[in-house]
Amino acid sequence: MPQNEYIERFQKQHGRRLDYEERVRKRTARESHKVSKDSQHLTGLRAKLYQKKRHHEKIQMKKRIRQTEESNVKSSGPSEPSSTPLPQYLLDRSQPTNAKALSSAIKNKRNEKAAKFSVPLPKVKGISEEEMFKVVKTGKKTAKKGWKRMITKPTFVGPDFTRRPVKYERFIRPMGLRYKKAHVTHPELKVTVQLPIISVKKNPQNPMYTQLGVLTKGTIIEVNVSELGMVTAGGKVVWGRWAQVTNNPEMDGCLNAVLLV
Amino acid sequence: MATVLPPPSKRQRTAVAEKAKEQQEIESIPNNLGSIRVQFVDQGTGQSSGAPVSIPVADATARNLELLLNTLQRNDPSERIPYRFTYHADPSDLSKAVDISNDLYHSLLKPGLKTTEDSITLQYTPQAVFRVRAVSRCSSSIPGHGEAILATSFSPRSSSKLATGSGDSTARIFDCDTGTPLHTLKGHTSWVLVVSWSPDDSTVATGSMDNTVRLWDPKTGEALGTPLKGHSKWVTSLAWEPYHLQTPGRPRLASSSKDSTVRIWDVVSKRIESVLSGHKGSVSCVRWGGTGRIYTSSHDKSVKVWDANKGTLIHTLSSHAHWVNHLALSTDFVLRTAYHDHTGETPETQEGRIKKARERFEKAATINNEIVERLVTASDDFTIFLWEPSSSTKPLARLMGHQKQVNYVTFSPDGLHIASAGWDNHVKLWNARDGKFIATLRGHVGPVYMTCFSPDSRLLVSGSKDCTLKVWDVRTGKLKEDLPGHKDEVYAVDWSPDGTKVGSGGKDKAVRIWCH
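Shown next as structure tokens:
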């Protein structure tokens, strides 16, 4: 271990090499070549460490680019800072994307009768029972009877769910395919928030799947929106709101949904 | 089979017993304490009402004291004045004052401030002789505006006319008796942010996002001349010159703007009289005091006091650590209503009106025989400061307790309470004398944008982002009425100066009139 700042001391006493600036310039100029070579040719643990470092660097770089882009935006000073009229005291405040627009939009929509039952995904592809259930054949007795089923799709079970005794459990909902939260998008605000699921309201495939809490594309779920701070006309906080699953969770490994407006 | 409730647990039982005991204690005054000598002194003038009176402690409740004082004052039994009693331990130190809330025993004797041996000097303040009933229903919901309503204001004369400013770049005047729109004031090219009635009810001024101020005749709905141009950013607040200071026939108007200036306009000639520049940020609020001062608060963290006639800076009050959002004067209500009082009688002559306006102002502003205007400012630093700019540039008190930005602050018309509201969903009540905390009014589930006292200072209405208005009882700090009905955020609320109606408007584009 160096005991003192001996390099700095030397540089102060004797100065740098005469070609120091030149060498630095060349080194920085060739840096990208070195990076490229390393990332292509390193193998094993070194490659792993190297890629990890690069990954972090890239994240930082992207963040910085985004920051500078935001600060570079030259606004032409619009006379109206937002499209919706705001009172004087709200004008200079950065409005958090409020979920308030939600509730009013919802209310306006509800007034139209036809819109009452319309959902973003009106039709879904049917799923056959063979695809949904796997017959469990392990064990002596079950193999013989063949009545035990494993659900191959993601499910939602309530927070206080306990499995039934093995003898009576007809449908197994695997732990690995259970979901508690959904990424819910608000269609008008275009914001996505992760919200806890409260219940499964309707699975379009089969009423039994609704009971089992199966999450497939097009399923209507109820999500906890209390974080968004929405209120009813009576001034109460809204906490449950329906959403429809828009992706195939069994293929994607996550649950995306769109709030029903 | 009916469900049988389980018997209460031990904890519940002890809690109930404790509560019952507490309530028992509050009610009872021991009746073996004899009597106490009380001297009544007028808080405004400092004059005593006569010789000290000896009162039995067991009967010395606030109500009985009120009755006694009315008799001493030889007031007509049919028009008894309600009084509020305060005990000052040290006349020079206002912070040690004690209000007699229920009776003398619990306010003074039990805490050990005084004994029955002492003679007590009680200061009395008359309260409003009229009583405003809490609004409880929506009498009309008037559509008409095409965009959100950003400002509402009742005419100072009565509750029959309400002016609103909206995002559809018009202002409207409504007839509240019939619930119909009266006039549409078209002319602005952008949102109308502020509406203000002149104290004599003859003009409505509107300030807008298009950087202009316009004047309107509320009777015909016609524009009074050309717009007042001069600001380079939008207008944030308007203040009329108090009626008793106006040169007859030549009222003036102050407008504050985002461009960090305040302009004083001659309303008749439509000219800029002076420009108060000195703030470094957007001026959020302007008030014209009854002693010829103009008070401005700004986003540059300072509050400035200006001389209205010379247009010069007198003081800079800087204690806030963030934007100052709003400011209120202890005399706001009398300055707004000038010579219009609850009796509805207006003097015939101009001199009479000015005299009455001056009298009302002096009555409201007099504390200990001095005319004192107090100022309260709300800020983004979560605190409120109480100032007395005439005596000191240091704040009288720092009112802490809000957990988020404070957006709105207002004095009660009798100048005894301060109500503040902000983003932390609460309304807080403070004592205006010393800035002591009184109560938190909880109930809203969204930020509270605006509050307004009833003219008798006994009730408070608050409008919030959670689509409701709530009426609170100031004395008890309890919710009096919950008024749901708006379909979206409530941006503006105003209580009419005669107390019968509340007007509110918000994002749902409908003006609602509430009454008892």
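First to last, the sequence lines map onto chains A and B.
Be aware that the first sequence starts at 1, since it is given in the UniProt record's numbering, and climbs by one per residue.
Be aware that the second sequence starts at 1, since it is given in the UniProt record's numbering, and climbs by one per residue.
Even for Gly, the Cβ is constructed at its ideal location relative to N, Cα and C.
- Message: For chain A, check one thing: does any of its Cβ atoms lie closer than 8 Å to the Cβ of E481 (chain B)?
- Response: Closer than 8 Å: no.
- Would you mind telling me which residues of chain B sit closer than 8 Å to residue 290 (chain A), beta carbon to beta carbon, in chain order? A query on residue 290 (chain A) cannot be resolved here, the shown segment of chain A reaching from 1 to 261 and no further.
- Secondary structure at residue 590 (chain B), three-state DSSP: helix, strand or coil? With chain B covering only 1 through 516, there is no way to say anything about residue 590 (chain B).
- Query: So, using beta-carbon positions, are P154 (chain A) and L215 (chain A) closer together than 8 Å?
  - Reply: yes
- In terms of alpha-carbon separation, which member of B:E79, B:G352, B:R157 and B:K509 lies closest to H342 (chain B)? Answer by Cα proximity: B:R157.
- Specify whether the segment 372-391 of chain B and the segment 259-276 of chain B touch according to this definition: at least 3 beta carbon pairs, one from each stretch, less than 8 Å apart. no
- Taking only beta-carbon positions, decide if I513 (chain B) is within less than 8 Å of chain A. False, the Cβ-Cβ gap to chain A never drops below 8 Å.
- Item | V237 (chain A): contacting residues in chain B (beta-carbon distance under 7 Å) | Per Cβ cutoff of 7 Å: V445.
- Query: On the three-state DSSP scale, how would you describe G446 (chain B)?
  - Reply: coil
- State yes or no: is the C-beta of S302 (chain B) within less than 8 Å of the C-beta of V283 (chain B)? no
- Using a threshold of 8 Å, state whether the C-beta atoms of P152 (chain B) and G503 (chain B) are closer than that. Residue identity differs from the one stated: residue 152 (chain B) is Thr in this sequence, not Pro. For T152 (chain B) and G503 (chain B), yes; Cβs fall inside 8 Å.
- Taking 8 Å as the cut-off, decide whether the C-beta atoms of E222 (chain B) and W288 (chain B) are in contact. no
- Item | Residue(s) in a DSSP beta bridge with Q39 (chain B) | Answer by DSSP bridge pairing, in chain order: B:T121.
- R9 (chain A) classed as buried or exposed, judged by whether at least 16 other C-beta atoms fall within 10 angstroms: Counting Cβ neighbours within 10 Å, R9 (chain A) comes out exposed, since fewer than 16 surround it.
- R66 (chain A) burial status per 10 Å Cβ neighbour count (16 or more: buried): exposed
- Query: In chain order, what residues of the same chain have a beta carbon less than 8 Å from the beta carbon of K229 (chain B), not counting five sequence neighbours either side?
  - Reply: N211 and T212
- W387 (chain B), DSSP secondary structure in three states: strand
- With G435 (chain B) and L396 (chain B) assumed to form a contact (beta carbons below 8 Å), what rounded beta-carbon distance in angstroms separates them? 6 Å
- Which of the three DSSP states, helix, strand or coil, is assigned to residue 262 (chain A)? This structure does not reach residue 262 (chain A), given that chain A is present from 1 up to 261, and the question cannot be answered.
- Would you mind telling me which residues of chain A sit closer than 8 Å to A492 (chain B), beta carbon to beta carbon, in chain order? P87
- Message: Let me check one thing: in DSSP terms, what residues is M150 (chain A) bridge-paired to?
- Response: A:K134 and A:I172
- Task: Identify the contact partners of H84 (chain A) in chain B, using a Cβ-Cβ distance below 9 Å as the criterion.
- Result: It is worth fixing the name first, because residue 84 (chain A) is Thr in this sequence and not His. Simply E147, A148, G167 and K507.
- Item | Cβ shell of A101 (chain A) (< 7 Å), same chain only, five flanking positions each side left out | Note that A101 (chain A) scores a pLDDT of 48, beneath 50, so its modelled location is shaky and nothing firm can be said.
- Item | Run of the beta strand (DSSP E) containing H41 (chain A), from where it starts to where it stops | Careful: H41 (chain A) lies outside any beta strand (DSSP E), inside the alpha helix (DSSP H) at Y20 to H41.
- Message: I'd like the list of long-range same chain contacts for T210 (chain A), defined as Cβ closer than 7 Å, with 5 residues on each side in sequence excluded.
- Response: Its chain contains V200, K202 and N203 as the residues whose beta carbon lies nearer than 7 Å to that of T210 (chain A), once the 5 sequence neighbours on both sides are disregarded; these appear in chain order.
- Task: Name the residue from B:G50, B:R336, B:D482 and B:Y124 whose alpha carbon lies nearest to the alpha carbon of residue 555 (chain B).
- Result: What is shown of chain B runs 1 to 516, which leaves residue 555 (chain B) out entirely.
- Nearest to Q23 (chain B) by CA position, among B:H106, B:K465 and B:L150, is which residue? B:H106
- Task: Report buried or exposed for K217 (chain A), applying the criterion of at least 16 other Cβ atoms within 10 angstroms of its Cβ.
- Result: Burial call: buried.
- Query: Is the beta carbon of V406 (chain B) sitting closer than 8 Å to the one on I384 (chain B)?
  - Reply: yes
- Task: Return the Cβ separation of V184 (chain A) and L195 (chain A) in integer angstroms, given the expectation that the two are a contact with Cβ distance under 8 Å.
- Result: 5 Å
- Task: Kindly indicate which three-state DSSP category P227 (chain B) falls into: helix, strand or coil?
- Result: coil
- Task: Under 9 Å between beta-carbons, which chain B residues line up against G229 (chain A)? List them in chain order, please.
- Result: Within chain B, the residues near G229 (chain A) are V445, G446, K465 and D466.
- Item | Partner residues on chain A for L162 (chain B), Cβ-Cβ distance less than 9 Å | Those do not exist, as L162 (chain B) stays about 16 Å from chain A at its closest Cβ, beyond 9 Å.
- Task: Would you please verify whether the beta carbon of S282 (chain B) is less than 8 Å from any beta carbon of chain A?
- Result: yes
- Below 8 Å on the Cβ atoms is my guess for V204 (chain B) versus A239 (chain B); work out the distance and round it to an integer in Å. About 14 Å separates the two Cβ atoms, so there is no contact after all.
- Message: So with CB distances below 7 Å, who are the chain A contacts of P484 (chain B)?
- Response: A233, G234 and G235
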